[in-house]
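Structure first, then comments.
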Amino acid sequence: MSEGFNQICDSIFENEKQYKFRKRHLKIKIEGVQDVFLLTKKNFFMNSGIVVLKIDPQFKDVNYAKLCEKMKFKIAFKVLFVPMIYAFFHQFIIVDENMIEEDSSFGLSSAVDSIDNQISITQSITLIDSVKKKYIHSRTWGQVISGRFQDAILKALQEISYTDNEK
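Take 11 as the starting number for the sequence shown in this note's numbering and just add one per residue.
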């Protein structure tokens, strides 16, 4: 893992520990993804995860929405979900180099799930430009439970001097 990616992962873990997230080692091979860092929180009522993806610098023209769509089902099967009963709710964080253009939002709002598919539900996506130290963030509706996890992600980024691209 690169130093910037490690710093992001460590900061997110420190901010999510209060919610009892645990680190999990996960090997997933998918084109364009260099590394995966996963935090999970499982109990009788909840099957949640925070998935941090490091994009391979050699991989150009990444379609982040399609990448998230592929990854969410691969990860759901790895963390054991039960369709219709114990779905996997997750936050995606994608770390890439030089990906944020000043006027681009990458259509994030269409990439988060607006309905519960009972399998693997993307509740938020945060795209991080590790060179410019900026991020773009989008959430789905319904923040009663996961809103605090998403707020902790943004707090973790701000603590290591990353700024919201839209501010």
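Beta carbons are placed, not taken as given, at the ideal position from N, Cα and C, and that holds for glycine.
6 Å Cβ shell around residue i - same chain, five flanking residues per side excluded
{"i": "Ser148", "result": "Leu118, Ser119, Val122 and Ile135"}
{"i": "Phe31", "result": "Leu49 and Lys51"}
{"i": "Lys82", "result": "Ser130 and Thr132"}
{"i": "Tyr96", "result": "Asn57"}
{"i": "Glu107", "result": "Pro67, Ser140 and Val141"}
Through-space distance from residue j to residue i, alpha-carbon basis
{"i": "Ser171", "j": "Asn57", "result": "30 Å"}
{"i": "Gln44", "j": "Asn16", "result": "13 Å"}
{"i": "Gln101", "j": "Leu90", "result": "17 Å"}
{"i": "Tyr74", "j": "His35", "result": "22 Å"}
{"i": "Gly14", "j": "Ser140", "result": "7 Å"}
{"i": "Lys88", "j": "Lys33", "result": "14 Å"}
{"i": "Asp113", "j": "Phe69", "result": "Annotation note: pLDDT 42 at Asp113 (below 50); position unreliable, coordinate value reported separately. Their Cα atoms are separated by approximately 22 Å."}
{"i": "Lys84", "j": "Glu176", "result": "31 Å"}
{"i": "Gly157", "j": "Glu41", "result": "30 Å"}
{"i": "Phe98", "j": "Ile65", "result": "23 Å"}
{"i": "Lys165", "j": "Lys143", "result": "14 Å"}
{"i": "Val72", "j": "Met109", "result": "9 Å"}
{"i": "Gln28", "j": "Ser12", "result": "26 Å"}
{"i": "Thr173", "j": "Ile146", "result": "9 Å"}
{"i": "Lys80", "j": "Glu169", "result": "30 Å"}
{"i": "Asn127", "j": "Asn53", "result": "20 Å"}
{"i": "Phe55", "j": "Ile38", "result": "26 Å"}
{"i": "Val92", "j": "Thr150", "result": "22 Å"}
N- and C-terminal bounds of the beta strand (DSSP E) containing residue i
{"i": "Leu36", "result": "From DSSP, Leu36 is part of no beta strand (DSSP E); its letter is neither H nor E."}
{"i": "Gln17", "result": "Note, Gln17: premise wrong, no beta strand (DSSP E); alpha helix (DSSP H) at Glu13 to Glu26."}
{"i": "Gln44", "result": "Val43 to Lys52"}
Nearest residue (CA-CA) to residue i, options the options
{"i": "Glu24", "options": "Ile60, Val89 and Tyr74", "result": "Ile60"}
{"i": "Leu167", "options": "Ser156, Lys70, Leu137 and Asp71", "result": "Leu137"}
{"i": "Leu77", "options": "Ile103, Asp174 and Phe99", "result": "Ile103"}
{"i": "Ile163", "options": "Ile40, His35 and Val62", "result": "Val62"}
{"i": "Glu26", "options": "Phe159, Glu169, Asp126 and Thr173", "result": "Phe159"}
{"i": "Ile22", "options": "Thr150, Val92, Met109 and Val105", "result": "Val105"}
Cutoff 7 Å; reference residue i; Cβ partners in own chain excluding five residues on either side
{"i": "Phe47", "result": "Cys19 and Val62"}
{"i": "Ala86", "result": "Phe98, Ile129 and Ser130"}
Neighbour flag for residue i against chain C, beta carbons, 8 Å
{"i": "Gln133", "result": "You won't find chain C in this structure, because it holds only one protein chain."}
> Can you list, in chain order, the stretches of the beta strand (DSSP E) that have 3 or more residues and sit fully within the stretch 61-124?
Replying inline: 98-106
>> Extract the residue ranges of the alpha helix (DSSP H) inside the stretch 131-169, only unbroken runs of 4 or more that lie entirely within it.
In response: 157-169
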